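Protein chains in written order, with this note's numbering: chain C, 1 to 118; chain L, 119 to 267; chain B, 268 to 606.
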């Protein structure tokens, strides 16, 4: 049941992205930014939180969940440390994922080469 | 040909483009995206078993999924997943990793400074720029609004 | 005092230069396509032993030129001019291949129209009496073009149905003032046509107006009509461009449905090979012309061909800035025999 909810929420978020891709001229890069900012905004006004409670990883694994984490971190930071916290909170909350992407990206670039698509 | 205005031609040419296979694309995006999230949930559950707290588990799950996305990109598998899954492969955080690793690999021949490192964020950079900026705005707005109360 | 011009945009060559040797080299994917038996060399590995896709492309072009020259029983020393171009920034592949060949070199940029552009200029130089032997060549490479114009290879993006697949390969033609044909007889040089298409994934739609303009101008200038040709073939309009071309040519009063084809459609099996609308790239028209068309003419299956290579002359920057795509099309008539 838990996994079904995750599957449905995660799948549904991706379907919204697919519809945007297929019906507009937006590229995946545009979609990523739109979803991320949507996550930040929905997180800030408290609409993303219920989705996370319901869908768990289904709501946190998509890039909108990354946006939610950023805004939640910024708000938490602002609560505890004021303005400086608003600056630090977002990146603090998401530091793991970003740092991982940088280091793994670098390692992969060193060890493997791109292959022509077939 | 000369009878057509640019606007008319653009409309006309647009009509000649075959439509995407909407249903298939949506179905695959749903399945691929959903499954990646389920994988994330499985990782979360395993990490919770080790007695880690919520914050650590969330970060660790992101790190593991980013690793997976990077690794599959390096193996040359993620582009194939993206071709099938479309947004279902792009929107999960594994797709974010793919958007960082793929240009880093691609531009290796241009060197490790201007190639790998500089190009690494050619697709994902905007995500960080808009994400971080908007989160700071949210934090400051929160301060302003809560002070006002 | 130009005595060789007919009509507005066409020249009729007084002493039609003869094609005396051709070569076509293609990558592995093209080598699995419907035209595989017509190519001289099919690469097993599209890196061809080089360190980068760019170097591989330069080598493919260089080897195609050398092979065409040797197929003409000549050596590079016998060639007076090289006309070549490619898709990469500052046509670097062509300059690198020309560096190895030591032939006086004119670098051309006509994007995917380069094959017809180089044949036009080469033929006019010979007919003008400025040279006896020239070689015309062009190349493209899927992976070097992809990274310049689109996304990294390992990036998981879906390609829309209107998108085209850049052909990996190179084609070269040796033209001579003497020879037994086939001959270049007419050249119609195209004007830029830009009807405001900005979508770089719809190059067929962007280039079709240029092809339509050049083909109808060719008929007006020469007085010929579509039935005078065994084959009328565009460079890389692919499926979307083909639909537009056939439809709009009909509205102009020319029915091409009998003998029209497109190199981008012929080179791949769109369904089996998942190339969506079809092939594109400089090499598309180049390998189909130097492989398929030339060999079919030599066999006697085709006697008169109108090749219209089409080019989408946008740059990665113009696309990002949302500017529209200038299209070009150059037509060349190739005759098996001349009177």
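Each residue gets a CB set at the ideal place from its N, CA and C atoms; glycine is no exception. Owing to the predicted nature of the structure, the values given are computational and were not obtained by experimental measurement.
Listed as beta-bridge partners of residue 403 of chain B by DSSP are B:350, B:440. Two segments are said to touch when three or more pairs of C-beta atoms, one from each, lie closer than 8 Å; by this definition the segment 412 to 430 of chain B does not touch the segment 269 to 288 of chain B.
Of all residues in the segment 268 to 299 of chain B, none places a beta-carbon less than 9 Å from a beta-carbon of chain L. Going by DSSP, residue 279 of chain B is part of the beta strand (DSSP E) stretching over 277 to 279. Closer than 8 Å to the CB of residue 114 of chain C there is at least one CB belonging to chain B. Contact check for residue 305 of chain B against residue 578 of chain B fails: the beta carbons are separated by 8 Å or more. The criterion of a C-beta distance shorter than 8 Å is not satisfied by residue 70 of chain C and residue 177 of chain L.
Within the same chain, 394 come within 6 Å of residue 282 of chain B by CB-CB distance, once the 5 residues on both sides are set aside. Residue 600 of chain B is bridged by DSSP to B:453, B:573. Interface residue (Cβ-Cβ distance to chain B less than 8 Å): residue 162 of chain L is not classified as such. Taken through DSSP and simplified to helix, strand or coil, residue 524 of chain B comes out as coil. From the listed residues C:74, C:109, C:107, C:5, the smallest Cα separation to residue 45 of chain C is found for C:74. DSSP places residue 288 of chain B in the uninterrupted beta strand (DSSP E) bounded by 285 to 293. Contact check for residue 218 of chain L against residue 239 of chain L passes: the beta carbons are separated by less than 8 Å.
Residues of the segment 240 to 251 of chain L with a C-beta atom less than 9 Å from some C-beta of chain B are 240, 241, listed in chain order.
With respect to the 8 Å criterion, residue 148 of chain L and residue 11 of chain C are classified as neighbours on the basis of their beta carbons.
Here the C-alpha atom of residue 444 of chain B lies approximately 27 Å from the C-alpha atom of residue 436 of chain B. Listed in chain order, the positions of the segment 22 to 51 of chain C with a beta carbon within less than 8 Å of a beta carbon of chain B are 25, 27, 28.
At a cut-off of 8 Å between beta carbons, residue 53 of chain C makes no contact with chain L. The shortest C-alpha to C-alpha distance from residue 412 of chain B to any of B:404, B:434, B:405, B:346 is the one to B:434. For the pair of segments examined, the segment 395 to 412 of chain B was found to touch the segment 545 to 553 of chain B: the number of CB pairs separated by less than 8 Å reaches three. Against residue 410 of chain B, the close residues of chain C are 116, in the order they occur along the chain (beta-carbon pairs closer than 7 Å). CA-CA distance, residue 556 of chain B to residue 440 of chain B, rounds to 9 Å. Of all alpha-carbon atoms in B:453, B:446, B:537, the one lying nearest the alpha-carbon of residue 271 of chain B is that of B:453. With a cutoff of 8 Å on beta-carbon distance, residue 200 of chain L and residue 146 of chain L are scored as not near each other.
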